[in-house]
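Residue numbers (UniProt numbering), protein chains in the order written: chain L, 1 to 716; chain U, 1 to 716. All C-beta atoms in this analysis are idealised placements derived from N, C-alpha and C, irrespective of residue type, glycine included. Data block below; observations after.
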């Protein structure tokens with residue numbers, strides 16, 4: 001026993017004095033690489049990373065206009081270590097700090113207290129980092145963000161690991177006698193991460209607000225995308241094996257029934273072979289593709305083509321791509337190495353000739369996520385000719401496909417808008433919207449809200465429903481997302497599939513068409529300022545606790561502020577959207593501080609409180625903030641060049657201004673200054689509201705004939 | 001266009017000629033390290049691995065008695081590569097080869113066509129390698145196994161990746177026109193693996209049969225465990241906060257109701273504090289632990305103690321363990337570094353004094369799996385004093401706890417038997433049975449079957465049920481597992497919880513008590529020969545297709561042979577168990593080739609065919625193979641030293657022999673030869689069966705007074 005004790009003492013003496021912090025070094029080489037954005041290099045980072053691969057250029061000019069931000073963290077608390085071929089990172093956390101982000105999660109928006117392994121793959125029902133866009137960027141309620149620029153499967157312990165060298169230590173609790181207070185995950189005071197690479201570039205993104213941190217992160221990667229105007233209309237993806245005549249008949253049916261449609265999406269059947277792909281038109285189903293596309297163009301309807309990356313041996317470009325692809329096949333198709341210019345050159349050349357030149361507007365790029373649980377993808381062991389490893393390529397694949405297709409259109413000074421199943425950091429400026437095969441409506445909305453933290457876009461596409469109520473609710477929600485779409489690939493559903501709710505469905509699609517100027521301005525703010533179009537309430541300064549609690553209402557409101565709000569969100573600056581899920585007879589809606597008004601009636605709804613509503617089927621509840629302007633055009637079923645009058649709906653009583661954006665809607669000329677911001681200004685003289693519409697001298701609008709203000713709220 | 005083509009050609013010229021096999025080298029340094037077992041070193045393996053950590057010694061003598069085995073694979077097809085701090089491996093596969101193993105999976109036994117990341121963690125409902133015992137060993141229907149001796153999170157693509165340099169290439173199929181034949185996962189002709197380490201030791205394990213490969217693998221790690229006889233009785237784990245008086249009352253209730261019980265398990269409430277643990281008796285609930293344990297011992301009932309690894313600040317050994325633990329806490333408790341002798345020394349010393357010395361028989365070691373999805377465990381970033389990394393430690397933790405506790409008992413020449421929630425390769429000789437919080441009955445049985453491929457044991461413990469039928473079915477199944485247990489930690493359930501089925505439940509527990517000699521012999525075969533006690537049908541040579549198909553029955557049988565059989569299994573050589581799940585009114589039972597007989601009646605049941613049965617609630621269907629002997633003793637409610645008469649039930653008509661095993665049932669003296677194999681031999685003279693019972697001259701049995709043969713099957 002004595003001998004034993006002695007041997008322990010010897011061992012203790014042999015251990016380094018600080019056995020706990022061994023190897024962890026403070027990260028000291030921070031550089032302000034962009035206004036309010038600092039980066040540091042730890043170890044020897046990979047030669048390829050998100051920002052290099054995307055090639056997106058920081059919007060320095062826009063970043064310069066933002067409020068000043070100091071380095072937001074205690075530098076002495078940011079630690080790193082490389083050992084064993086891996087890089088370990090530690091960032092500090094305050095006890096009252098909330099964390100958001102890490103990409104497209106479906107179950108919760110608050111990520112603190114959870115562990116993630118960021119791995120692109122089809123979402124399988126668990127928020128563990130396995131998803132279509134596991135972006136390694138998180139933002140804090142304290143108004144900063146952290147971004148790990150590494151295309152690897154990164155492990156993130158978000159406030160879940162408790163280090164013995166931490167200053168704040170949770171207390172041990174006896175579960176036997178104090179089960180009530182025992183917690184599964186004692187709160188840690190840090191975010192620990194592991195990057196399986198010899199080194200890494202990390203970014204700390206300043207605020208001062210959480211929205212500023214998100215905006216800075218988006219601007220770092222080139223700002224958000226600005227879709228062409230037609231992209232904000234209604235999309236109909238027809239069943240996979242439809243022929244060109246069946247598609248034409250479907251379009252005729254939209255006209256006959258007076259339903260809007262702007263884009264027709266063709267699913268795999270347009271190709272001569274698919275899974276793997278030839279990218280060539282099938283001559284039986286589409287004997288005259290150019291004529292078909294042109295006929296739709298004449299009706300102001302664009303055509304979008306489905307594809308995936310895996311190249312069929314029957315494809316005309318297969319031979320050229322053989323030396324430019326990975327050493328594993330998927331469904332017997334090649335996996336092109338998209339990091340190589342030669343690869344994208346071969347493909348772009350073919351796509352230009354056979355798709356773009358006949359008028360194709362864009363793509364839906366499927367299956368770049370993979371589903372390792374189902375057992376298919378190229379494995380991490382895959383060699384690519386560029387030397388990029390299988391795991392790096394997996395994390396980059398969807399983004400690289402976005403990049404080369406965007407470039408192809410950009411070279412024609414033509415904007416595109418499309419869909420992609422995998423994305424990641426660095427892709428904010430690429431005009432693609434994420435989707436997947438999962439289909440929980442509430443979870444789809446959580447994903448929509450989460451997209452706002454991570455520089456990605458998401459569509460809760462409608463595919464099918466078991467009843468009319470669900471159909472309406474899904475259609476209503478998707479019309480307040482970046483891409484309003486019915487995807488009938490396999491369901492064969494039509495917007496009018498449920499007879500009893502045709503009016504409700506048509507109404508919300510038409511409302512989206514009327515809101516086009518509002519949506520477009522919202523996207524312009526994404527492109528120019530990095531402010532995401534869809535926004536979690538947690539990005540709003542108004543969504544904060546009340547210091548003074550005067551009544552039950554106040555405490556209820558404060559309780560909601562700390563909850564994970566997964567069923568309401570903002571679109572743009574002014575519109576609060578409350579999607580309703582089938583079966584909900586009533587809903588508690590939390591309204592941030594400030595007066596809010598019903599969009600439809602203009603009536604006062606509440607202020608910093610939780611209201612209970614009983615939604616009717618015909619409307620998705622929408623609220624406008626005090627002073628909010630919602631510009632609306634008359635209903636049109638397609639997006640055209642026709643100039644239209646604008647109704648400027650004004651809500652509430654606050655002086656305000658709204659900078660309505662306009663440009664040609666389809667080219668990149670706006671990047672050369674060819675755009676206009678029309679100031680919609682409201683002032684007050686006594687109790688009287690004075691509205692003015694100011695087009696800067698010498699500028700013009702592309703889309704509007706006239707402006708008419710409409711006060712939606714009765715005078716006090 | 002021309003220019004563009006030229007640049008591709010230049011690029012092609014610059015690529016290495018064999019761009020696909022770049023870096024992959026044939027593994028050439030194979031050494032036959034044990035009879036029929038070859039190992040090779042690739043790169044620079046970790047300093048700690050499964051076999052080193054477990055310290056288990058190969059059973060060379062037993063391996064020498066096995067049939068000769070040649071190296072079972074084409075060596076030129078085994079490739080490896082180390083790059084980027086990782087090791088990549090490739091093993092060949094034949095098109096008609098089935099794969100099994102990779103540890104404790106719950107949804108399927110056939111692993112080919114799936115991808116796994118072997119990561120110890122609470123099973124979450126998906127067979128993706130995340131489980132309590134993700135053993136990196138697979139066996140093939142071709143009669144060999146592959147074992148990766150690396151305590152890392154290993155990625156396994158089991159016949160799912162298709163390499164372009166493979167000889168067999170799946171055809172591209174057009175899903176548009178040939179959906180019926182299109183498959184999600186085209187069959188690959190290899191197993192590819194990635195080990196996140198600079199190198200690795202790999203083993204190829206010969207057959208010639210699949211069962212031989214499993215046995216060799218088990219013998220490599222010291223053979224299977226031989227539990228003490230009492231361990232094979234019935235276990236009752238009482239509610240967590242029971243006092244010693246409540247436990248005593250429960251034992252009295254077992255007696256009064258005439259239900260067997262051999263072991264009482266105490267859950268966290270026996271400790272003064274738990275979650276984290278003090279390992280000290282709670283003085284309010286257990287004021288006189290020694291007296292309590294001794295009183296139960298007097299009734300031939302053992303006591304097993306729950307614990308987990310995380311040490312409470314209130315524990316007497318906390319201070320000593322501070323320098324011997326990782327730099328992260330769990331539930332504010334220390335995570336001891338069990339790779340250090342000093343650590344296990346401190347703990348063993350305390351356990352001996354406070355547990356073993358007063359008669360505690362063993363442990364249930366909980367929570368060493370972790371649940372990263374819930375957000376708790378020490379993260380991979382954790383530093384341990386020994387230099388073992390967090391991920392290595394995670395893969396080893398449960399095994400290391402088994403090792404030190406086994407050693408503690410072995411030092412007293414005392415066998416233990418207990419439960420553990422995490423295990424891995426190298427632990428076959430440790431007398432621990434896996435369990436978890438998951439509770440699907442069918443999936444529990446799949447896990448039981450899977451345990452047979454991987455040198456692990458599993459109990460489908462009964463905890464609670466929503467109805468009497470489920471209760472009976474669970475009790476019946478658990479009585480044919482390595483550990484027959486009711487776990488009432490939180491449910492408070494009793495064996496007699498469902499009044500209407502008390503007889504059925506008591507019957508099956510008593511049947512298990514009667515079968516003790518059979519179970520014990522089965523475990524002896526595990527210990528001496530490496531043959532697992534529970535066995536998948538796929539381990540039997542009789543479970544193979546019929547070459548000649550004469551009728552519908554034959555084709556149905558052949559169809560079942562290729563199916564994933566997850567609802568029947570063998571216990572030992574002779575007994576086919578068909579656990580029934582609640583709600584099943586009928587069941588198709590596949591009987592391997594050879595005659596099979598009903599255990600209860602001795603009637604002929606079938607031969608190489610699928611029979612349909614309508615199980616009654618009172619019995620779990622059991623079948624005995626032709627010539628099978630089932631030794632049975634009279635019903636006793638405890639396992640004691642009392643010598644008992646044995647009934648030798650004989651089924652069918654085939655000449656056979658069965659080597660009944662016996663020893664003192666509690667010490668390791670059997671390792672020094674103090675055991676007996678009693679030959680139960682049946683020969684045939686004309687149509688007449690002749691039975692003989694041969695005890696080798698000069699030897700004795702410890703447990704039996706007399707033997708009486710009973711022919712269960714009527715003469716033909």
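Given this structure, state the Cα-to-Cα distance separating residue i from residue j, to the nearest angstrom.
i	j	result
residue 529/U	residue 363/U	26 Å
residue 491/U	residue 622/U	30 Å
residue 264/U	residue 210/U	38 Å
residue 244/U	residue 267/U	12 Å
residue 21/L	residue 327/U	Confidence at residue 21/L is low in this model, with a pLDDT of 47, below 50, so its placement is unreliable and the value that follows should be read with caution. Cα-Cα distance, rounded: 8 Å.
residue 506/U	residue 639/U	16 Å
residue 351/L	residue 667/L	19 Å
residue 85/U	residue 83/L	10 Å
residue 557/L	residue 564/L	13 Å
residue 200/L	residue 153/L	12 Å
residue 54/L	residue 46/L	15 Å
residue 429/L	residue 65/L	19 Å
Around the C-beta of residue i, are 16 or more other C-beta atoms found within 10 angstroms, so that it is buried, or is it exposed?
i	result
residue 335/L	buried
residue 727/U	Examination of residue 727/U is not possible in this model, given that chain U is present from 1 through 716 alone.
residue 370/L	buried
residue 109/U	buried
residue 229/L	buried
residue 27/L	buried
residue 321/L	buried
residue 588/U	exposed
residue 188/U	buried
residue 165/U	exposed
residue 698/L	exposed
Can you pull the chain B residues whose beta carbon is under 7 Å from the beta carbon of residue i, in chain order?
i	result
residue 241/L	The structure shown contains no chain B; the protein chains it does contain are L and U.
Output the residue ranges of the beta strand (DSSP E) runs that lie fully inside the region 54-117 of chain U and measure 3 residues or longer, sorted by chain position.
-> 79-83, 86-92, 99-101
Within the chosen definition, does the region 433-443 of chain U reach the region 377-391 of chain U through at least 3 CB pairs nearer than 8 Å?
-> no
Within the region 300-387 of chain U, ranges of the alpha helix (DSSP H) (whole runs, at least 4 residues) | 318-321, 341-354
Would the region 605-612 of chain L and the region 638-655 of chain L be scored as touching if the rule is three or more Cβ pairs under 8 Å?
-> no
Closer than 9 Å, Cβ to Cβ, to anything on chain L: give me those residues from the region 388-413 of chain U, in chain order.
-> 389, 390, 391
Contact the region 109-129 of chain L vs the region 218-229 of chain L: 3+ CB pairs below 8 Å = no
Taking a Cβ distance cut-off of 9 Å, strictly less, list which residues of the region 415-441 of chain U are near chain L, in chain order.
-> none
Pick out the complete alpha helix (DSSP H) segments inside the region 192-228 of chain U, 4 residues or longer, and give them in chain order.
-> 210-220
Name the residues in the region 182-202 of chain U whose C-beta lies less than 9 Å from a C-beta of chain L; which are they?
-> 182, 183, 184, 185, 186, 188, 192, 193, 194, 196, 197, 198
Three or more beta-carbon pairs under 8 Å between the region 30-39 of chain L and the region 409-424 of chain L, yes or no?
-> no
Is the region 189-197 of chain U in contact with the region 86-97 of chain U, if contact means three or more CB pairs nearer than 8 Å?
-> yes
Whole runs of the beta strand (DSSP E) within the region 583-613 of chain L, excluding any shorter than 3 residues = 587-598, 604-613
Taking the runs of the beta strand (DSSP E) that are 3 residues or longer, which of them lie wholly in the region 257-292 of chain U?
-> 263-266
Given 8 Å, three or more beta-carbon pairs between the region 565-574 of chain U and the region 532-546 of chain U = yes
Cβ contact (3+ pairs, closer than 8 Å) linking the region 126-146 of chain L and the region 475-487 of chain L | no
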